[in-house]
Ligand SMILES: [Zn+2]
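Residue numbers (the numbering used here), protein chains in the order written: chain W, 575 to 894; chain P, 168 to 476.
Structure representation (structure tokens):
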């Protein structure tokens, strides 16, 4: 059974959903009235969802952020923006499909949209490299950001990557330099920048699109210096302890908000973005529009000064 | 057989026990047995094969700064352990042990110094402090020494040695990459030189932020430099890595560093670069970056050493 891809803690919900589907099928075939049973079961499903999603552990949050049905950058492009025209290539080596970018409009206003792109199935993932960019992906992103600056358009980035790709070619072509250059240049850009973590914010590969005036996070997205699996393998000597690592790393959207890194958490519909793509997109559009409006109202100098002050204040130290 | 006719055998690792290790050391590069004292005089570079032994902060201070010129800044900063992180051991305990071992508050030392009489801002990372990892204190100290370079118009020289981000500080450690790069962005616009020296090993978030952003990137011979660690790459691609992969010479070939510089020539190289980029010490063109009106242009006909700083 269960053709729907789902997470361990979603099993009960998927079962109820399947019962509802069977009931509907039966009703149609036999022409009997099942509305009372249907209402009951839908209520049961809603309660189950509410309870489960109110009590997600950090490692569950990680699972939701990586959910195979979760909307990706291109799904939001279709629902949040209009008139998208994709632009390709870093003008130096090749086009990296793990990052997409191009002109788009939000409420009619033109901007540059850039995001990590995961694949929905194996074939797409081979093309997209599971959303793990090579250096040329970051260099394409920087090229597009400079293009936006040239024409005085804001930049919006969507972050959704397990991390930068660890491979021979990536190192040869300067993965570290490409990420570093994005960090420095994003700090300098004379145009408004907003990033939205929509799924996985994985380490340096995420940050390379993330030095922005505002950092927004979808409720069930995560942002971390290392994956819980990687952290557990090093500090607990086994990836099996990833639940402990997920807890210790403080990587959920509410953690990031509390730690002063995330400016605003965008609530997802109960049950997560993967259960309601349109609903999530609508909330994202409203919040994004509000932040862009605030940023566009500032002068370039003022905005850059605030950006520097914000990043230079990040961290926690004691001055004994 | 007379004792003196015994065939000579090369020293094997087992024989090292016979040599007092406080006097002798075996070269990791060529196997030669070296006098520690002689090796130190040679800036810890093997005279036989040129292998660069790893050196500490105090050694690198001596290598780069004019004698007695270094004055340390920001010695009071300590990590606040913002996540109260505990794995098999508490982060607070790890910090305490590292401070006891190294005598330092965290993995970088910063300050003012003279380098061939030129005032500079200097930062040297300490790999022996939790693998030279970058947490809030490393990030903050580098940001502060960068601001000092900006305010006092001194070139910044930074010696990296790091395993990457300090994961026990979670997202804060990641954000130090952005923080240090933001200060470098301001220095870039003000025309203040930044010389990045990459020593063995420099990987992860340090490479992917300030270490790769030098106006000159200089690497020590044989240093391992990269973003992902070699083991992570091997596990990902399921094959062995080629000989010399991610070594300084590999980075030079692939265009990621300007020069591979022998430690014994490091100071002179840095001094020459700074004079080319920043100090006006000859007749000819006027000095100053177009974006920075703060830098005074040299008066016409003026010659001789720059005395700024
Ligand atoms: Zn040797």
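By construction, the Cβ of each residue, glycine as well, lies at the ideal position given by its N, Cα and C atoms. Since the model is a prediction, treat every value here as computed from it, not as a measurement.
Where residue i sits in the DSSP three-state scheme
i                     : result
residue 191 (chain P) : strand
residue 406 (chain P) : coil
residue 208 (chain P) : helix
residue 292 (chain P) : strand
residue 181 (chain P) : A caution first: residue 181 (chain P) carries a pLDDT of 47, below 50, which makes its placement in the model unreliable, though a value can still be read off. Helix.
residue 301 (chain P) : strand
residue 755 (chain W) : helix
residue 796 (chain W) : strand
residue 240 (chain P) : strand
residue 634 (chain W) : helix
residue 777 (chain W) : helix
residue 222 (chain P) : coil
residue 280 (chain P) : strand
8 Å Cβ cutoff, residue i in contact with chain W
i                     : result
residue 404 (chain P) : yes
residue 389 (chain P) : no
residue 356 (chain P) : yes
residue 291 (chain P) : no
residue 421 (chain P) : yes
residue 368 (chain P) : no
residue 317 (chain P) : no
residue 327 (chain P) : no
residue 444 (chain P) : no
residue 413 (chain P) : yes
residue 408 (chain P) : yes
Min CB distance residue i to chain P below 8 Å
i                     : result
residue 875 (chain W) : no
residue 746 (chain W) : yes
residue 678 (chain W) : no
residue 893 (chain W) : yes
residue 672 (chain W) : no
residue 685 (chain W) : no
residue 761 (chain W) : yes
residue 882 (chain W) : yes
residue 608 (chain W) : no
residue 800 (chain W) : yes
residue 783 (chain W) : no
residue 700 (chain W) : no
Within chain P, the residues that residue i reaches when beta carbons sit closer than 7 Å
i                     : result
residue 835 (chain W) : 338 and 342
residue 797 (chain W) : 338
residue 792 (chain W) : Residues of chain P passing the Cβ test: none, with the nearest at roughly 16 Å.
For residue i, the first and last residue of its enclosing alpha helix (DSSP H)
i                     : result
residue 867 (chain W) : 851-870
residue 882 (chain W) : 874-886
residue 324 (chain P) : Counting along the chain, residue 324 (chain P) falls outside any alpha helix (DSSP H), though it belongs to the beta strand (DSSP E) covering 323-329.
residue 894 (chain W) : Element bounds for residue 894 (chain W): n/a, residue is neither H nor E.
residue 339 (chain P) : 337-357
residue 820 (chain W) : 816-823
residue 712 (chain W) : 709-724
residue 765 (chain W) : Per DSSP, residue 765 (chain W) belongs to no alpha helix (DSSP H) and is neither H nor E.
N-terminal and C-terminal residue of the beta strand (DSSP E) that residue i is part of
i                     : result
residue 245 (chain P) : 244-246
residue 386 (chain P) : 383-386
residue 689 (chain W) : 683-690
residue 201 (chain P) : 200-202
residue 368 (chain P) : 361-369
residue 675 (chain W) : 673-680
8 Å Cβ cut-off: residues of chain W touching residue i
i                     : result
residue 394 (chain P) : 738, 740, 744, 745, 749, 750, 753 and 778
residue 346 (chain P) : 885, 886, 888 and 889
Contact list for residue i against chain P, beta-carbon separation under 9 Å
i                     : result
residue 667 (chain W) : Per Cβ cutoff of 9 Å: no residues; residue 667 (chain W) is ~12 Å from chain P at best.
Chain-ordered chain W contacts of residue i [CB-CB under 9 Å]
i                     : result
residue 380 (chain P) : 751, 754, 755, 757 and 758
Residue i vs residue j beta-carbon contact at 8 Å
i                     : j                     : result
residue 705 (chain W) : residue 687 (chain W) : no
residue 793 (chain W) : residue 839 (chain W) : yes
residue 823 (chain W) : residue 802 (chain W) : yes
residue 329 (chain P) : residue 294 (chain P) : yes
residue 788 (chain W) : residue 865 (chain W) : yes
residue 313 (chain P) : residue 351 (chain P) : yes
residue 403 (chain P) : residue 740 (chain W) : yes
residue 336 (chain P) : residue 371 (chain P) : no
residue 324 (chain P) : residue 437 (chain P) : yes
residue 375 (chain P) : residue 424 (chain P) : no
residue 431 (chain P) : residue 210 (chain P) : yes
residue 634 (chain W) : residue 692 (chain W) : no
residue 338 (chain P) : residue 769 (chain W) : no
Under 7 Å by beta carbon: chain W residues contacting residue i
i                     : result
residue 252 (chain P) : 822
residue 374 (chain P) : 750
residue 246 (chain P) : 891
Under 8 Å from the C-beta of residue i: neighbouring residues of chain P
i                     : result
residue 810 (chain W) : 254 and 255
residue 830 (chain W) : 338
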